[in-house]
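>
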Amino acid sequence: MTVVGSKIEKAQEDYVRIFDTTLRDGEQSPGATMNVEEKVAIARQLELLNVDVIEAGFAVSSEGDFEGVRRVAEAVTNPVVLSLARTHQLDIERALKAVEKASRPGIHIFIATSDIHLKYKLQMNREEVLAAVTRAVSFAKKHLDYIEFSCEDASRSDWNYLKTVCEEAIRCGAKVINIPDTTGHAVPDEYGRLFAFLRQNVAGADKVIWSAHCHNDLGLAVANSLAAVHNGARQVECTINGIGERAGNTSMEEVVMALKTRKDFFGIETRINTRQIYAASRLLSQVIGQPVPPNKPIVGDNAFAHEAGIHQDGVLKYKLTYEIMKPEDIGIPSNKLVLGKHSGRHAFVERLKQLGVDCSRLDINKVFAEFKALCDKKKVVYDDDLLALVTEDTRHLGERFVLGELEVSSSTKSTPQATVTLKVDNEERVASAQGDGMVDACYKAICKAAGVNVTLNRYSVKSITRGTDALGEVNCLVAQDGITVAGQGAHSDIVMASALAFVNALNRLELRKRALGQRPVGGP
Ligand code: KIV
Ligand code: ZN
91 MTVVGSKIEK AQEDYVRIFD TTLRDGEQSP GATMNVEEKV AIARQLELLN
141 VDVIEAGFAV SSEGDFEGVR RVAEAVTNPV VLSLARTHQL DIERALKAVE
191 KASRPGIHIF IATSDIHLKY KLQMNREEVL AAVTRAVSFA KKHLDYIEFS
241 CEDASRSDWN YLKTVCEEAI RCGAKVINIP DTTGHAVPDE YGRLFAFLRQ
291 NVAGADKVIW SAHCHNDLGL AVANSLAAVH NGARQVECTI NGIGERAGNT
341 SMEEVVMALK TRKDFFGIET RINTRQIYAA SRLLSQVIGQ PVPPNKPIVG
391 DNAFAHEAGI HQDGVLKYKL TYEIMKPEDI GIPSNKLVLG KHSGRHAFVE
441 RLKQLGVDCS RLDINKVFAE FKALCDKKKV VYDDDLLALV TEDTRHLGER
491 FVLGELEVSS STKSTPQATV TLKVDNEERV ASAQGDGMVD ACYKAICKAA
541 GVNVTLNRYS VKSITRGTDA LGEVNCLVAQ DGITVAGQGA HSDIVMASAL
591 AFVNALNRLE LRKRALGQRP VGGP
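Be aware that the sequence shown starts at 91, since it is given in our numbering, and climbs by one per residue.
#1: Under DSSP, the beta strand (DSSP E) around Asn565 begins and ends at which residues?
#2: By the three-class DSSP mapping on this structure, what secondary structure does Leu174 have?
#3: If Val568 and Leu546 are in contact, beta carbons under 8 Å, what's the gap, nearest whole angstrom?
#4: At what residues does the beta strand (DSSP E) containing Lys552 begin and finish?
#5: Suppose contacts are defined by Cβ-Cβ distances below 8 Å. Is Asn140 in contact with Ile362 by that definition?
#6: I'd like the ranges of any alpha helix (DSSP H) spanning at least 4 consecutive residues and lying wholly in the region 288-350.
#7: How is the alpha helix (DSSP H) around Gln118 delimited, first residue to last?
#8: Report whether the distance from the Cβ of Asp530 to the nearest heavy atom of the ligand ZN is below 7 Å.
#9: Between Val166, Ile206, Val162, Thr203, which lies nearest to Ala185 when the distance is taken from Cα to Cα?
#10: Quick check on Pro506: buried or exposed, where buried means 16 or more other Cβ atoms within 10 Å of its Cβ?
#11: Specify, as a first and last residue, the run of the alpha helix (DSSP H) that Gly399 falls within.
#12: Distance check for Ala202 and Met347, CA to CA, integer angstroms please.
#13: If you measure from the CB of Thr272, is any heavy atom of the ligand ZN nearer than 7 Å?
#14: Check this for me: beta carbons of Met124 and Val377, under 8 Å apart or not?
#15: What does the alpha-carbon distance come out to for the pair Pro610 and Asp571?
#16: Determine which residues share a DSSP beta bridge with Ile269 and list them.
#17: If we require 4 or more residues per run, which alpha helix (DSSP H) segments fall completely within the region 454-523?
#18: Taking 7 Å as the cut-off, is the beta-carbon of Leu174 closer than that to any non-hydrogen atom of the ligand KIV?
#19: Would you identify the three-state DSSP class for Thr360, choosing helix, strand or coil?
#20: Quick one, are the C-beta atoms of Ser78 and Cys256 less than 8 Å apart?
#21: Cutting at 6 Å between CB atoms, please list the residues of its own chain near Ala531, excluding the five before and the five after it.
#22: Taking Glu257 as part of the beta strand (DSSP E), name the residues at either end of that continuous run.
#23: Would the beta-carbon of Asn339 be found less than 7 Å away from any heavy atom of the ligand ZN?
#24: Using a Cβ-based criterion (distance less than 7 Å to any ligand heavy atom), does Phe109 qualify as near the ligand KIV?
#25: Does the distance between the C-beta of Asn268 and the nearest non-hydrogen atom of the ligand KIV fall short of 7 Å?
#26: My understanding is that Ile108 touches Thr364, with C-beta atoms under 8 Å, so please give their C-beta distance in whole angstroms.
#27: Let me check you understand the geometry: is the CB of His198 closer than 7 Å to at least one non-hydrogen atom of the ligand ZN?
#28: Could you pull the DSSP bridge partners for Ser240 from this structure?
#29: Using three-state DSSP, classify Thr574 as helix, strand or coil.
#30: Distance check for Ala521 and Gly421, CA to CA, integer angstroms please.
#31: Which same chain residues end up closer than 8 Å to Ala587 when comparing Cβ atoms and leaving out the 5 residues on each side of it in sequence?
#32: Alpha carbon to alpha carbon, how far is Asp403 from Leu373? Give it in angstroms, no decimals.
#33: Helix, strand or coil for Ile414, going by three-state DSSP, please let me know.
#34: What residues are listed by DSSP as bridge partners for Pro195?
#35: For Phe355 and Ser315, what's the separation of their Cα atoms in angstroms?
#36: Report back the beta-carbon spacing between Val298 and Ile267 to the nearest angstrom; my notes put them in contact at under 8 Å.
Pasting the structure below:
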């Protein structure tokens, strides 16, 4: 591997870099596992957003992760693409190999620095950790210039020891020093002071970019990240929709819009193309099957909805009375009503492109036929309907289970009953079952036909468009052998949407288990 020239001029420019870790820390959120194609689709959207760095995975952790990093590295041009690595040589070698084809490759090395992690997790003393930092960063530096170094659990580490570790990482060649609040324990004033202390006291502090990485356990991830920026951090690590381990990571859209909206206070911004934020949020939500909560700042359905009469009156008279941001700056379509049954294929494809959909990945003839069928059922078709159709289509890659016919019956006098036709490895199977309700009967029938035994951990349904003929969206979490995946389905019939979501989850489970070398989801 060649040593890539450092972008010193760029590093000196004063703006806040956005390091997106949706594909690594975000993917650690329960049920948010993505396959390689999905990771590439998200990475392309991150490039449209103009993020500075994409952390594409943890290459050494599995073949699937390695492949994800490798494919993302090939798919994007402008952002730095990184893989995470512990200080072990094997981790670093795998990470270097995975980012080899990136136009701007990087590596992110980490080791814990808090006494509690040293004693109970690493079982190493401070000197041993310091020696591991020297070895790892020096080794990586021989192959690659762009090295980020993270002190895991930095916010609970002894500040003087932290200073020593940061100095050593800088001395060995790290370009970016990350100070994670791994457990979401910090509060803004304290986290901000930690950055001020390190920037003032670490030898070489002015040669590197200081980075904030926060978890949201106390709901303070965005506030902590902003406090770090206020005290000199020039990179924020975050995820789309704030997904991540436990309560999540710093939400990209919140931090970006806070810096943009309050530039008067922070005096600094990011380079994010904020008009791509909404498309990114919707894409991720569709891919991982996790709906965005309606009250989520910036991207939730209610983020710009004014309900109180007094607010509506004010907004109608002058928008800025109650709106501090413009929905169009986030890329929220001002007119969600789009196409109808008379719309042509060209208009349909154009609209998909406007919504940030990568049409080259789609079977356009098939999706267009589905769109026409939907137009026959619904009078008006909204952007969300289109996104739902398209996401359905992207899921047809490598499916083992395909839903055919579904028949359900229920009345106040009889037990709900469902009969499904399911293709399993191209063999058509039919099964019937009774249940507590139509959805329960339907799920039991699908399990019978597929020959699977899984646990349904979560089920939710919501209307994603308007009217009684609206598309219903079902999200579920399905688990087997300790692996949990999300499934999603959308249809104007709720039971059908439920069946699609369940079958989608079974297919994802199958892919995930195959990637991990585990037994198939269902018997033959
Ligand atoms: O939260 C954390 O400490 C991390 C590191 C690996 C950077 O995710
Ligand atoms: Zn983290």
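C-beta atoms are modelled at their ideal positions from N, C-alpha and C, and glycine is treated no differently.
A quick look at the data gives this:
#1: 562-570
#2: strand
#3: 6 Å
#4: 545-553
#5: yes
#6: 311-320
#7: Segment: none, Gln118 is in no alpha helix (DSSP H) and carries neither H nor E.
#8: no
#9: Val162
#10: buried
#11: 399-407
#12: 31 Å
#13: yes
#14: yes
#15: 11 Å
#16: Ala302
#17: 454-467, 473-484
#18: yes
#19: coil
#20: Given a span of 91 to 614 for the chain in the structure shown, any question on residue 78 remains unanswerable.
#21: Pro506, Gln507, Ala508, Ala523, Gln524, Gly525
#22: No beta strand (DSSP E) contains Glu257, which is instead part of the alpha helix (DSSP H) from 249-261.
#23: yes
#24: no
#25: yes
#26: So it is not a contact: roughly 11 Å between Cβ atoms.
#27: no
#28: Phe200, Asn268
#29: strand
#30: 45 Å
#31: Val551, Leu561, Gly562, Glu563, Val564, Gly579, Ala580, His581
#32: 33 Å
#33: coil
#34: Val171
#35: 15 Å
#36: 5 Å
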